[in-house]
Amino acid sequence: MGKKILLEHIDVPGIETFDVYRKMGGYTAVEKAIKTMTPEAVVEEVKKSGVRGRGGAGFPMGMKWSFLAKPEGVPRYLVCNADESEPGTFKDHYLMKHIPHLLIEGMIVSSFALGANKSFIYVRGELMYVIRILEKAIEEAKAKGFLGKNILGSGYDLELVVQPGGGAYICGEETALLESLEGKRGNPRNKPPFPAVKGLYQSPTVVNNVESIATTAWIINNGGEAYAAIGVGRSTGTKLISASGHLNRPGVYEIELGVPVEDFIYADEWCRGIRPGHKLKAVVAGGSSVPILPADLILKLANGEKRLMSYESLSDGGFATGTMLGSGGFIAMDETSCIVRNTWNFARFYHHESCGQCSPCREGTGWMEKVLHRLEYGHGNMHDIDLLVDVAKKIEGNTICPLGDAAAWPVASAIRHFREEFEWHVTNPHEASQPGAVYRGEMALV
Amino acid sequence: MEDNKPQLFKVTVDGIEVEVEPGTTILQAARKIGGDVAPPAMCYYQPLKGSGGKCRACLVRVAAGSAKDPRPMPKLVASCITPVQDGMVVENTTNPQVLEMRKGIVEFLLLNHPLDCPVCDQAGECDLQNFAYNHGLATTRYEEDRREFEKRDIGPFIQLHMTRCILCYRCVYTADQITEKRVHGVLGRGDAAEIGTYIEKAIDNDFSGNVIDVCPVGALTDKTYRFKNRVWFTKPVDAHRDCPTCSGKVTLWYRGEEVIRVTARKNEWNEVTEFICNTCRFDKKKTSDWVIEGATKVARSSVISANKYRRDAVKTSQFALNLAAEEYTPVDDGRNKSQLGIQQLPPERFAPALPHANDPEP
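Going line by line, the protein sequences match chains A and B.
Throughout the first sequence, residue numbering follows my numbering, covering 1 to 446 in sequence.
Throughout the second sequence, residue numbering follows my numbering, covering 447 to 808 in sequence.
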């Protein structure tokens, strides 16, 4: 069994309550941080841990914290990004639902480190029952003196607010989230200035993912170096993976970074392989926004070594032969999956969720979806395939926020690795347009 | 004695160096040089705070971030919102990647924008028309249905034709920043986003007419002028009046002896720096209401100058010529070109002799 940090006590009955969580060693990180450490020392421990943002971008969390501007007389804010809505990603939801106090504890420790006296948890509006769980947990923590005025007699005050979002995917982008939190339309802001300088209400703000913040409790209890010892290379610690698709045992798993992808798919500890009688065809390793990889490339690097579940190994070879760890939304597809239909489905999502502010994303996402729809339903031609590649190229990197990239990468990578399947849809329009039609030509199946 | 002069940053755009104050954006620095070196802007509007960054028309490549850190920026950046650094080197018309991207932006903007220039009131003074002419392709690859909207009257003077809107947000910023009662904004998201009013309300404040001037396309039009004339048949004249509400500085657009339209004055970047009130714009359409200052200066490359000069005196944009030369595919007819007196195109495609803002008009 691999090391568990976040899900160690997930199966303890009643762990969602304060008393059980406390009995299992909860809130000791708050006591340690507030009573024995300075905010700078907490930041230092997080830096030492090497933990990278678990929302998708993978930016070093300690470094992000150290960028926070500290002007006199201006409040600072910590905002927890719990607007998890990437197709294939459901780890934060799981964590908040089952062990809410882990997030609350992380929020207190992180807010103390950043000097924030008011922090927000921005939760996707559909998860109303999770919001109620969090609010209950906050009330419990407050009643026990871990939140509110003068926490544990230290003089440090912290108010924690749970804010439901309106249910737009774009509000998971940190600046759009801040706009939404301020009560405005959730459009991403132009950067610079970055939130660390001018964020919520034009004040210095750190926006972190649920999993990232929840990790801080363990880091403070055990030290940054202990955390850095787990994992592989610059991918330190553990990561929650939300595994879905044609797996024998989909679910949320905590893995030590560096586990071979093959083991993650086939080992009994995790997904237990592809459903009986079928073979792995493709994997989206980090949520729908990352490039899709065919079975042979997801299991092995270009040099023949095993590909690992880590930031570096998954991205090895760039987008030609690699992908990204992203948010850890691991979607496995067997040979019954139609890549064109899957790509169209992803494109449909990004078209629907584009905020419409900048022209490449507003117009390009819709264009890609329409062309893919045509291809899927047997009305496409060979030019459409190159057209999609070109449109994706024109969107990628040219938009205000990363939603443009998120829309472009799945399309470009699907064509890069499964071009013959797109061509089959053109050359066999009647067959391809039938429900459940799948190209079963030559491809590397594992 | 202490020198109180602010330290100036040296910035190079397309090989031309300019000194600007810290905090200046790349676009402003390029505009200081002038001419085709200045990137096009569809959403940026200098007098409107917060505008810019949306259309992506002004994307440029930063070949060197600064003298201290000369690394290039990994992606193209929106020049209208990116501040300059000392020693920054910017490539605009000299970078093929930028020009390729501009073609893409034109294509995106025209996906849902009808090519109804022959019947559009904005034709001849449309930023998108100019942008497409200078940077776009002659054809489109878009085969799908375009979005369409019914025309809507949003107040007594303004008609909204959402079909033409490119969601630049300029009118929203205008209403937000220069009027007291903003009742319109962007509804919906993605390519279903549209400019709309709150529950079909009218825009009826004193400065509402300015949303017409800031619209880069023909989405917001002046109901008192619609279909009255083509802009190139009119004669623009600068005039002013003593207005208690606004600056009173306007351009009168004459058809013969009749004033058929009044607009605020626009600078060389097609921006209004002094907004005008609705009284000046819609109610004062007699010459006797105004003190005439003289003919409005219009660039000879503008369509507004059409038919007013001999053809050989009209100055065509150097950039458009360069781009046309770049995309021109010579036909090899087997003849010896040197004997025919045909000059070969220079290998440096865009570098030579870009016009300067201070160049006199011919």
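From the three backbone atoms N, C-alpha and C, an ideal C-beta is built for every residue, glycine too.
(message) Check this for me: beta carbons of B/Val-483 and B/Thr-528, under 8 Å apart or not?
(response) Contact: no.
(request) Just mark B/Pro-401 as buried or exposed, buried being the case when its beta carbon has 16 or more other beta carbons within 10 Å. (result) Any answer about residue 401 of chain B is impossible in this case: the structure gives chain B only from 447 up to 808.
(request) Reducing DSSP to helix, strand and coil, say where B/Asn-768 ends up. (result) Helix, per DSSP.
(message) List, in chain order, every chain A residue whose beta-carbon is nearer than 7 Å to that of B/Phe-554.
(response) By Cβ distance, chain A contributes Ser-359, Pro-360, Glu-363 and Gly-364.
(request) Closer than 8 Å by C-beta to A/Val-109: which residues in its own chain qualify, once you throw out the five before and the five after it? Chain order, please. (result) Here the set comprises Ala-29, Val-30, Ala-33, Val-42, Thr-216, Ala-217 and Ile-220.
(request) Report the residues of the stretch 537-554 of chain B with a CB closer than 7 Å to any CB of chain A, ordered along the chain. (result) Listed by position along the chain: Met-547, Gly-550, Ile-551 and Phe-554.
(message) At the 8 Å Cβ level, is A/Ile-133 part of the contact set with chain D, yes or no?
(response) The structure shown contains no chain D; its protein chains are A and B.
(message) Let's see if you can read the secondary structure: which residues bound the beta strand (DSSP E) around A/Phe-120?
(response) First-last of the beta strand (DSSP E) with A/Phe-120: 118-123.
(request) Please state whether DSSP places A/Tyr-77 in a helix, a strand or coil. (result) It is a strand residue.
(message) Does the CB of A/Gly-356 have a neighbour CB from chain B at under 8 Å?
(response) Interface flag for A/Gly-356 against chain B is set, since a Cβ pair is found closer than 8 Å.
(request) Hey, could you find the ends of the beta strand (DSSP E) A/Gln-163 is sitting in? (result) Note, A/Gln-163: beta strand (DSSP E), 159-164.
(message) Here's the rule I'm using: 16 or more other beta-carbon atoms within 10 Å means buried, otherwise exposed. How should A/Ile-385 be labelled?
(response) Classified as buried, A/Ile-385 has 16 or more neighbouring CB atoms from the shown chains inside 10 Å of its CB.
(request) Check A/Val-438 in the structure and name its three-state DSSP category. (result) Look at A/Val-438 here: in three-state DSSP terms it is coil, with no helix or strand label.
(message) Less than 8 Å between CB atoms is the rule here; does A/His-352 satisfy it with respect to chain B?
(response) Taking Cβ atoms only, chain B reaches closer than 8 Å to A/His-352, which makes this a yes.
(message) I need the DSSP call for A/Asp-334, collapsed to helix, strand or coil.
(response) Note: A/Asp-334 maps to strand in three-state DSSP.
(message) Counting C-beta neighbours from all protein chains within 10 Å, is the total for B/His-802 16 or more, i.e. buried, or is it exposed?
(response) Low confidence applies to B/His-802: its pLDDT is 49, below 50, so where it sits in the model is not reliable enough to give any reading.
(request) Decide if A/Gln-202 is buried, meaning its Cβ has at least 16 other Cβ atoms within 10 Å, or exposed. (result) With fewer than 16 other Cβ atoms within 10 Å, it is exposed.
(request) With 8 Å as the threshold, decide whether the Cβ of A/Ile-400 is near any Cβ in chain B. (result) So yes, A/Ile-400 belongs to the interface.
(message) What does the Cβ neighbour count give for A/Asn-303, buried or exposed, with the cut at 16 atoms within 10 Å?
(response) Classification for A/Asn-303: exposed.
(message) Tell me the rounded alpha-carbon separation between A/Val-197 and B/Gly-498.
(response) Their Cα atoms are separated by approximately 20 Å.
(message) When you compare the stretch 465-484 of chain B with the stretch 596-615 of chain B, are there three or more beta-carbon pairs, one atom per stretch, that lie closer than 8 Å?
(response) Touching, no.
(message) Determine, for A/Gly-318, whether the minimum Cβ-Cβ distance to residues of chain B falls below 8 Å.
(response) Closer than 8 Å: no.
(request) Can you pull the chain B residues whose beta carbon is under 9 Å from the beta carbon of A/Lys-394, in chain order? (result) Glu-546, Met-547, Lys-549, Gly-550, Ile-551, Glu-553 and Phe-554, listed in chain order.
(message) Looking only at its chain, what residues have a beta carbon closer than 7 Å to the beta carbon of A/Glu-174, apart from the 5 residues adjacent to it on each side?
(response) Around A/Glu-174: Asn-81, Pro-195 and Val-207.
(request) Give me the Cα-Cα distance between A/His-430 and A/Arg-374, rounded to the nearest whole angstrom. (result) Using only the alpha carbons, I get a separation of about 12 Å.
(request) Assign A/Pro-192 to one of two classes, buried (16 or more other C-beta atoms within 10 Å of its C-beta) or exposed (fewer than that). (result) Classification for A/Pro-192: exposed.
(request) Decide yes or no for the touch test of the stretch 320-331 of chain A against the stretch 348-363 of chain A: beta carbon pairs closer than 8 Å, at least 3 of them. (result) Contact between the stretch 320-331 of chain A and the stretch 348-363 of chain A is absent, because fewer than three Cβ pairs lie under 8 Å.
(message) Going by the DSSP bridge assignment, what does B/Val-466 pair with across the sheet?
(response) Looking at the DSSP assignment, B/Val-466 forms a beta bridge with B/Phe-455.
(request) Please list the partners that A/Asn-345 has in chain B, where partner means a Cβ-to-Cβ separation under 9 Å. (result) In chain order: nothing, as chain B lies at least about 16 Å away.
(message) Which residues in chain A have a C-beta closer than 9 Å to the C-beta of B/Asn-576? List them in chain order.
(response) At a beta-carbon threshold of 9 Å, none of the residues of chain A lie near B/Asn-576; the nearest stands roughly 16 Å away.
(request) Using beta-carbon positions only, say whether B/Arg-707 and B/Asp-668 come within less than 8 Å of one another. (result) Taking 8 Å as the cut-off, the Cβ atoms of B/Arg-707 and B/Asp-668 count as close.
(request) Output, in chain order, the set of chain A residues within a Cβ distance shorter than 8 Å of B/Tyr-644. (result) Taking a Cβ-Cβ cut-off of 8 Å, B/Tyr-644 has no neighbours in chain A, whose nearest Cβ is about 13 Å from it.
(request) Pull out every residue of the stretch 500-516 of chain B whose Cβ sits closer than 9 Å to any Cβ of chain A, in chain order. (result) Cβ contacts with chain A come from Lys-500, Cys-501, Arg-502, Ala-503 and Leu-505.
(message) In the DSSP output, which residue or residues are listed as bridge partners for A/Leu-293?
(response) Note: A/Leu-293 is bridge-paired with A/Val-283 in the DSSP secondary-structure output.
(message) Going residue by residue through the stretch 31-90 of chain A, where are the continuous beta strand (DSSP E) segments of at least 3 residues, counting only ones entirely within it?
(response) As far as the stretch 31-90 of chain A is concerned, its whole beta strand (DSSP E) runs of at least 3 residues are 77-82.
(request) From the DSSP output, read off the bridge partner residues of A/Gly-231. (result) Within the DSSP bridge table, the entry for A/Gly-231 names A/Thr-236 as partners.
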